[in-house]
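Letter by letter, the sequence shown follows residues 4 to 167 in our numbering.
Using N, Cα and C, we set each Cβ at its ideal position, and we do this for glycine too.
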Amino acid sequence: MASPFKKFVQNWKNVFGGLEDPKNKDLLELLAEEYLEERKKAEQLTQHAQELRYRHLRDKLIEIAETEKRHAEKLRELIRKLGGTLPEQKPRISEKGTKPTFQKLIEDLEEENDSYWEILETLFNAEEKGHTELIPELKKMRDEEARLRNELLDILQVTNPYTL
Ligand SMILES: [Fe+2]
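Structure, rendered in structure tokens:
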């Protein structure tokens, strides 16, 4: 069990976000979470693309993965701009497993959907904290998330094993 002192330090860190500006704490946390999420999506989508039989669908999914990669890079820039540090942990990639590709794509779609809302939350937080310099990039990302979600849905419709 952690000593009372360690607990105290941990609580203090939780409250003040270590050396980061406490004013930006929530926003930095949101950006860091989203940064990991985008990296995870980029990696998973690249993996899942290899499972697609049709070249044009594979290329489309890789293109989506590339956009997610760019989102992660942009988020990294925004975190640094706010004086934050990048999360040390690696994105948690879902295990490859033996799930059908269609099911993996459905999970990708759910993650895209979550991302849309998470970016929206980050956007509201940035507005609330007066970080207007972040707004155009976050809005662009939100719009792109919506587009990617639709593109993924298109891929899903073509690969749907239930449609003949
Ligand atoms: Fe994204």
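- Contact residues of ligand 1 (beta-carbon closer than 7 Å to any heavy atom; chain order) are GLU41, LYS44, THR70, GLU71, HIS74, SER118, MET144, GLU147, GLU148, LEU151.
- With fewer than 16 other Cβ atoms from the protein chains shown falling within 10 Å of its own Cβ, GLN106 counts as exposed.
- Fewer than three pairs of CB atoms, one per stretch, sit closer than 8 Å, so the segment 57 to 65 makes no contact with the segment 88 to 102.
- Taking C-beta atoms as the reference points, THR125 and LEU39 fail to come closer than 8 Å.
- Judged by DSSP secondary structure, LYS84 falls within the alpha helix (DSSP H) whose first and last residues are 58 to 84.
- In this structure, the beta-carbon distance from LEU55 to LEU112 does not fall below 8 Å.
- Straight across, the Cα-Cα distance linking ALA149 with THR88 is about 28 Å.
- Under the three-pair Cβ rule at 8 Å, the segment 74 to 84 counts as touching the segment 140 to 149.
- Spatial neighbours of LYS43 in its own chain (CB-CB distance under 7 Å, excluding positions within 5 residues in sequence) are listed in chain order as PRO94, ARG95, ILE96.
- The C-beta distance from LYS84 to ALA45 rounds to 21 Å, too long to fall under 8 Å, and the pair is not in contact.
- Cβ neighbours of GLN47 within its own chain (closer than 7 Å, five residues either side excluded): ILE96, SER97, ASP111.
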